[in-house]
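In order, the protein sequence lines correspond to chains A and B.
Residues 1 to 323 in the numbering used here are what the first sequence spells out, letter by letter.
Residues 1 to 342 in the numbering used here are what the second sequence spells out, letter by letter.
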Amino acid sequence: MLNTEERSKAIQAKIREKAKELLSSKKVDLIIGFGEGTLPLRTTPIFVRTPEEADRLIWNSFCENNLATYLHKLSQFKIGLVVKGCDARSVVALSHEKRFKPDQLFLIGVPCQRMVDRRRVEKAFEGEILHVSEQGDEIIVEGEDFEKTLKREDFLYPCCQVCIHRTPLKADVLVGDPVEESSLVKVHADMEEFEKKSPEERWRYFEKEVGRCIRCYACREACPMCYCTECFVDSSNPKWIDKGLSPSDIDFYHIVRAYHQSGRCSGCGACERACPMEIRLTYLTQKLNQDAKELFGFETGADPDAPPPLSTYDTDDRQEFIK
Amino acid sequence: MKLKLAKKNFIPFLQSLMDEYDLFAPVRLAEGASAYKKIDQPEEVDLSIRNPQKPAKEIFFPQSEIMFRYEKAGKENRITSTEEVKRNRVLLGARPCDIQAFALIDQVFAGKDYTDVYYLNKRKATTVIGMGCDGPLSTCFCSSLNGGPFQREGSDLFLTDLGESYLVELLTEKGMAFQKNKFFEKPTDKELAFAKAIEEKSAVKVKVSVPVDGIEKRLDEMVESPYWVRVQEKCLGCRVCTYLCPTCHCFDIVDEALTKKGRRVRNWDSCLSSLYSQETSGHNPRPTNRERTRQRLMHKFNYFPKNFDRIACVGCGRCIIYCPAHFDIRQTIKEIQKGGDT
C-alpha cells in the first residue's frame, strides 16, 4: 500500500494530467486547484488557464481551502474544480440551490488523506517553523535550531478527524483510488464537549469564543454556502444589526450564520480555518449536521437526489415539537 | 538614558504604572489569539507575544468608538461628548512596526489638513513603551520599509528583553519622566553589551528583501493593467488583511439610535468590502474584487506616498500570516515591480 507521500505524488501527477487534457480540449476555461504557498504548511488557491500552467498544480496534506467558494464569482465560465470529499458535497448542496448550470463544472475528485491542522503544528513548537516536508506518513518540521518528525495522523483538523466521506461521492473523475472510509463514526471533539455543558455553560462558552470576533467576515467569505448578494449583517435598510463590537450584535451574527447552514453545511471547516482570531465555530455547524441526520436522515451533499430537508415540505414531516 | 528593570520587579512596576495611568498591553485572549487591551490585572500582560493579531493602532483608533451620545429630553436636545481622555495612558510592549505605523496614521488624523480629536487626544495622552523585536519572523520585512526590529523612532521608552531583566531606554521628554522610577536600576556594562548583541542578531535576521523603490511610479502605469484581474482571483473579499493591518485606517460612521436617544459610532471599514464604495443609489464604482484589490494596493503604495511621501506598509507580515487564501503581499510587490508579470 502506498504511504501518504507516495499517494499525494501520484494524485498530483493525475491532477496535472487531467488539467492539461481538459484545458487543451477546451472542455473547461479554467481549473481551480492548489499551488505552492510561500510559507511552510500552506498552499494557495490557483487559477490555471493554459495547459502549460497546469504543472503549477500541487497536492499534499495542506490543501485545506474549500475551493467551491470561488464558483460564485466565476459563473460565466466552465470550470474544472479540484475537490476533496467535503468540497464535493458542498458542490452538490450548491447544485440543489441551482447555483450553476449542469454542464458548467468538471469535478476533479481527490480521495482525501485528511488535511493537517497547521496551527496545531505551529503550536507544538516554540520557535518559528521554517521548513516542512512530508515523508511517508510523517511530517518533518524544521526551524532555526530544531528538527522534529511528527505523525501526520496526530495533527489532523478536527473536522477531518470525524470525516466519513473522504472520497468524493460525486466527481467527474477520481484522481486516486477510493480510500477506506472510517466505519466507526467519531464524534466531533468540540461538539461533544459542548453538549456536556449546561445551557448556561454553553452560552458562556459561545460568548467567550465569539467575544474575540473582529467582524472581518472571513468565516462567511471562506464558506461556499455563504453567497447572498447582500448578507443580513450588511443590510442598512432594514438594518438588522449594528456594525460595531457590541456582544449582542456579534452573538447574533454568529448564531444566524450557523443557523443559515442547517442542512447545507458539508462540515469542511473552512469557516474555522479562515478565522484569524481562532474562534471555534464548527461545534455549532457539526451539531446542526448531526440534527439533520438524526431528525431527517439527511447528510449534506451525500445523495445528489435527496432534497435538503429545510427547503422541502412533506405532510409526513416531524411535528412533535409543535405543542 | 539607559536603565534596567529586573523581571522580579515587573509586576510591581506595572502596578505602579496603573496607579497613575490607564495601561494598555498585549493580552492573550485564547490559545493562539491576542490583542492589545486595557489592563485590569498586571498579571494579564504578556510580553512574550511577538505581535498580537490586532495591531496597536486600536489604542488610538478603536475598532468601534462612540463619538457622542444624543438624547431628546422634552424640548431640549442633549449631546454628550466622548472625546475627552480623562486619564493619561501607557501603551506597553508595542513592536517597532506597529509604532512606525502611528507616524503614518498621524499624517491622516493629525496632519496638516485635518485634526481628529478622538485620535489626537488619545495619542497625546499616551506614553509609548516600545519593545525590541528579538524574535523576528520570516514574514517580517520592516527593514525593507525604513523600519527595523529595534527601531526606536516613535517610542518614549524602549525595552530590550535581557532574560532576567529588561533594558529600559528613556528616549523622549515623556520617557524622561520615568528617570526617577524606583524600580529602575543602573545596568552593568555586561548587560549593555548583551543588549547590543541581541539587537545586532535581530538586524541580521530581517534583511532588506522586498524591493519597494519606485513602486509608486510603477503603479502609475498600471491602473488598467490586466494584472489586477489575475492578482485578485484568490482573494475571498474578507477584511482580515485590512483590519489586522497597522496602517489601514478607513472607517464608517453610523448612528445607533432608539426613538429618543442614540449615539454616533465610528467603526473600522475595509476597502475590500463591496459595501465600502456602494453609493446610496445602489451604484458601486468598485463593483468587483478587481477594483477593490487594486484600491488596497494603490492606497498603500501609490496614493499614500503621493500624499504623504511614505509607503503605507510597515512590513509586519500580519496580512501574509492570517490571509485565509494565503495572499502574500511580498510576492505582489515583486510582481508589480516587474510590471505585473506573474
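Ideal Cβ placement from N, Cα and C applies to all residues, glycine included.
The structure presented is a predicted model; accordingly, all values stated were derived computationally and were not measured.
Within the segment 9 to 27 of chain A, contact with chain B at the beta-carbon level (separation under 8 angstroms) is assigned to no residue. Between the alpha carbons of Lys123 (chain A) and Ala33 (chain B) lies a distance of about 12 angstroms. Membership of Met298 (chain B) in the alpha helix (DSSP H) is indicated by the continuous run 289 to 298.
Annotated three-state conformation of Asp341 (chain B) is coil, per DSSP. With contacts defined by Cβ atoms closer than 8 angstroms, Gly154 (chain B) and Gln100 (chain B) form a contacting pair. Sequence-distant partners of Tyr243 (chain B) (beyond 5 residues in either direction) whose C-beta falls short of 8 angstroms from its own C-beta, in its chain, are Lys54, Gln63, Trp268, Ser270. Exclusion of the five residues before and after Lys300 (chain B) leaves Ala312, Cys313 as the residues of its chain whose Cβ lies within less than 6 angstroms of its Cβ. Within the segment 185 to 265 of chain A, complete alpha helix (DSSP H) segments of at least 4 residues are found at 189 to 196, 199 to 210, 218 to 222, 247 to 259, given in chain order. The beta carbon of Lys14 (chain A) sits closer than 6 angstroms to the beta carbons of Val175 from its chain, once the five residues preceding and following it are set aside; these are given in chain order. Any Cβ of chain B closer than 8 angstroms to the Cβ of Cys216 (chain A) would place that residue at the interface, and such an atom is present. In the assembly as shown, Ser198 (chain A) is an exposed residue. Its beta-carbon has fewer than 16 other beta-carbons within 10 Å. Gln53 (chain B) reaches chain A at Pro276, Met277, counting residues in chain order whose Cβ is nearer than 7 angstroms. Along the segment 135 to 211 of chain B, the beta strand (DSSP E) occurs as fully enclosed runs of 3 or more residues at 157 to 161, 165 to 170, listed in sequence order. Secondary-structure assignment with DSSP links Ala30 (chain B) through a beta bridge to B:Ala33. Scanning B:Gln151, B:Ile198, B:Cys142, B:Asp22 for the CA closest to the CA of Gly163 (chain B) turns up B:Ile198. Listed along chain B are Pro324, each with a C-beta nearer than 9 angstroms to that of Arg273 (chain A). Per the Cβ contact rule, the segment 269 to 285 of chain B is not in contact with the segment 110 to 118 of chain A (fewer than 3 Cβ pairs under 8 angstroms). Of all residues in the segment 228 to 250 of chain A, only Asp234, Asp242, Lys243, Gly244, Leu245 come within less than 7 angstroms of chain B when Cβ atoms are compared, listed by chain position. Look at Gly132 (chain B): its C-beta is not under 8 angstroms from any C-beta on chain A. Under the 8 angstroms criterion on CB atoms, Leu105 (chain A) is classed as non-interfacial with respect to chain B. Around Gly32 (chain B), the beta-carbon contacts reaching into chain A at under 7 angstroms are Arg119, Lys123, Glu278. If only complete runs of 4 or more residues are kept, the segment 76 to 135 of chain B shows the alpha helix (DSSP H) at 96 to 109, 117 to 124, in order along the chain. In this structure, DSSP gives Tyr276 (chain B) a helical state, which the three-state scheme calls helix.
Separation of Cys235 (chain B) and Asn289 (chain B) (C-alpha to C-alpha, rounded to the nearest whole angstrom) is 8 angstroms. For the segment 220 to 243 of chain B, the beta-carbon criterion of a distance under 7 angstroms to any beta-carbon of chain A is satisfied by Glu233, Lys234, Leu236, Gly237, Cys238, Arg239, Val240, Tyr243. Proximity of Glu291 (chain B) to chain A, defined by a Cβ-Cβ separation below 8 angstroms, is not satisfied. Taking a 10 Å sphere around the C-beta of Asp117 (chain A), we find 16 or more other C-beta atoms and assign the residue as buried. If you draw a straight line from the Cα of Lys75 (chain B) to the Cα of Ala25 (chain B), it comes to about 45 angstroms. Chain order gives the chain A residues near Glu256 (chain B) as Asp242, Gly244, where near means a beta carbon separation below 8 angstroms. Within the segment 37 to 50 of chain A, the residues whose Cβ lies closer than 8 angstroms to any Cβ of chain B are, in chain order, Gly37, Thr38, Leu39, Arg42, Thr43, Thr44, Pro45, Ile46, Phe47. Taking the Cα positions, Glu200 (chain B) is about 54 angstroms away from Asn289 (chain A). For Leu22 (chain A), the enclosing alpha helix (DSSP H) stretches over residues 4 to 24. Between Leu23 (chain A) and Lys9 (chain A), the alpha-carbon positions lie close to 21 angstroms from each other.
A Cβ-Cβ separation of about 29 angstroms leaves Pro96 (chain B) out of contact with Ala274 (chain A) under the 8 angstroms criterion. Residues of the same chain with a CB within less than 8 angstroms of the CB of Leu156 (chain A), apart from the 5 flanking positions on each side, are Arg114, Met115, Val116, Asp117 in chain order. Under the three-state reduction of DSSP, Asp252 (chain B) is assigned to strand.
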